[in-house]
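In numbering that gives the first Met the number 0, the protein residues as written are 0 to 349. Every residue gets a Cβ at the ideal spot worked out from N, C-alpha and C, and that includes glycine. Remember, it's a predicted structure, so these values are computed and weren't measured experimentally. In what follows, a structure is listed as structure tokens, so that the remarks can point back to it.
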Amino acid sequence: MGVVSEPLVLGIETSCDETGVALVRGRELLVDAVASSMDEHARFGGIIPEVASRAHLEAMVPTISKALGEADVDLSEVDAIAVTAGPGLVGPLTIGASAAKALAVALNKPLYGVNHVIGHAAVDELVHGEFPERALALVVSGGHSSLLLVDDIATDVTELGQTLDDAAGEAFDKVGRLLGLPYPGGPHIDRLAREGNPDAIRFPRALTLPKDQAEHAYDFSFSGLKTAVARWVEAKQDAGEEIPLNDVAASFAAAVADVLTAKTIRACQLHGVDTLVIGGGFSANSQLRDMAAERCAEAGIELRIPPIRYCTDNGAMIAALGSALVRAGVGPSSLDIPVDSSMPLTITHV
């Protein structure tokens, strides 16, 4: 397949609870349409895969039509179709992949099944332009806390580290439930944390001791932190004391941001990287953004974080990665590609 300079790529994202459809030409975003089923899951306190799958099925055609209409683009003008192949929930992934395959067959256009997590990094090119020859990407969300070395966003991404248990966003949701906050917990903890003292409670920082550096230098673990918060709150309740929600939220959020940024800055320094990209839903967290900005400035590292609307799951990230693959001359996926709920971060596409 020859290199296409400015391909028009239709991207479809259905890894969890958002139906995202976007059109990207080269590195220019034309439109990004999203239909979320978050409200349907809130009463359950978490994502129900069957509910999400049904929502994707109902939203798919209207969301595609909305994106095409807003961009004033006809389907026949699309050069390629990109869709999330994994990681994610099998049911939702299958809905998106089925729609993308049907479009590819009907339009006789190439299909690219791409990696959702790497897409969270790729979307930054739509905002801040082409990546340098080497960059580091920290992707943090409800299901992922991954540290990626990016030598080429289309063909050469190396996973340096990942979460060993709870991801950052997942830990926030669980602590939010512990504190009696609505689902999802992240935005509510972030709001409380802005009014609290991050130094009020010294919660643990897992995998940061010298003994952890050999095997888990770039890995993350937040399950123990979540447990430490639960025990602290239980002790206060047993003593009949009021829980200082603002201080608990601020101290917990500070512990998460501290670990994420400290390990990431160290990785940049050890790998000679001077550009850091942070993406994923949890990158909307204000303490993470503030701490990353401060520590990157101190270390002389350029920090690139997309606007919040590109941090949650969206079609733009999938179209951006698909566009990078087409521009790099990478061959398309076959029409029988499977979806993979645990798709490894060593591959950008299948």
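Contact between the region 270–278 and the region 127–135 is present: three or more C-beta pairs spanning the two stretches fall below 8 Å.
For I117, the uninterrupted alpha helix (DSSP H) run begins and ends at 115–121, by DSSP. Listed in chain order, the non-local C-beta contacts of E301 below 8 Å within the same chain comprise D273, T274, L275, C295, local neighbours out to five positions each way being set aside. Within the same chain, Cβ atoms closer than 6 Å to the Cβ of T162 are found at S144, F219, the five residues on either side in sequence being excluded. Residue burial is scored here from C-beta neighbours: G314 has at least 16 other C-beta atoms within 10 angstroms and is therefore classed as buried. The beta carbon of A283 lies closer than 6 Å to those of I307, C310 in the same chain, with the five residues before and after it left out. Around the C-beta of T226, fewer than 16 other C-beta atoms lie within 10 Å, and the residue is accordingly described as exposed.
Counting the other CB atoms within 10 Å of its CB gives D71 a total below 16, which places it among the exposed residues.
The beta carbons of V113 and G330 sit no closer together than 8 Å. In the DSSP assignment, E301 falls within the beta strand (DSSP E) that extends over 301–303.
Judged by their CB atoms, V247 and V232 are nearer to each other than the 8 Å cut-off. By the criterion of a C-beta distance shorter than 8 Å, P343 is surrounded in its chain by E158, once the five residues flanking it on both sides are discounted. Take S14, set aside five residues on each side of it, and the residues of its chain with a beta-carbon closer than 8 Å to its own are T83, G85, P86, G87, L88, P91, L92, G95, H115, D312, in chain order. A41 and R53 have their C-alpha atoms spaced approximately 16 Å apart. For E169, the number of other beta carbons within 10 angstroms of its own is at least 16, and it is reported as buried. Look at E129 here: in three-state DSSP terms it is coil, with no helix or strand label. A buried status is given to P183, since no fewer than 16 other beta-carbon atoms sit within 10 Å of its beta-carbon. Approximately 5 Å separates the beta-carbon atoms of I80 and L110; this is inside 8 Å, confirming the contact. DSSP places S97 in no beta strand (DSSP E) but in the uninterrupted alpha helix (DSSP H) bounded by 89–106. DSSP, read as helix, strand or coil, puts L178 in coil. Contact check for A249 and L224: beta-carbon distance about 14 Å, past the 8 Å limit, so the pair fails to qualify. Straight through space, the alpha carbons of A192 and K173 are spaced by roughly 16 Å. By the Cβ rule, the region 236–247 counts as touching the region 188–203, because three or more pairs are nearer than 8 Å. Looking only at I63, D164, L7, L22, the smallest Cα-Cα distance to A34 is reached by I63. Taking E5 as reference, the option from E241, L334, S340, L324 with the minimal CA-CA separation is L324. The three-state reading of DSSP puts A248 in helix, counting H, G and I together. Nearest Cα to S140 within the set A121, P131, G185: G185.
When C-alpha distances from G142 are compared across S341, L28, A101, K210, the shortest belongs to S341.
Taking C-beta separations shorter than 7 Å and ignoring five residues to either side along the sequence, the partners of I304 in its chain run I277, S282, R288, following chain order. In the DSSP assignment, V156 falls within the beta strand (DSSP E) that extends over 155–161. With respect to L147, V156 sits close: the two C-beta atoms are nearer than 8 Å.
Remark: C-beta atoms of A99 and A327 do not approach each other more closely than 8 Å.
If one requires a minimum length of 4 residues, the alpha helix (DSSP H) runs lying completely within the region 194–242 are 212–215, 222–237, in chain order.
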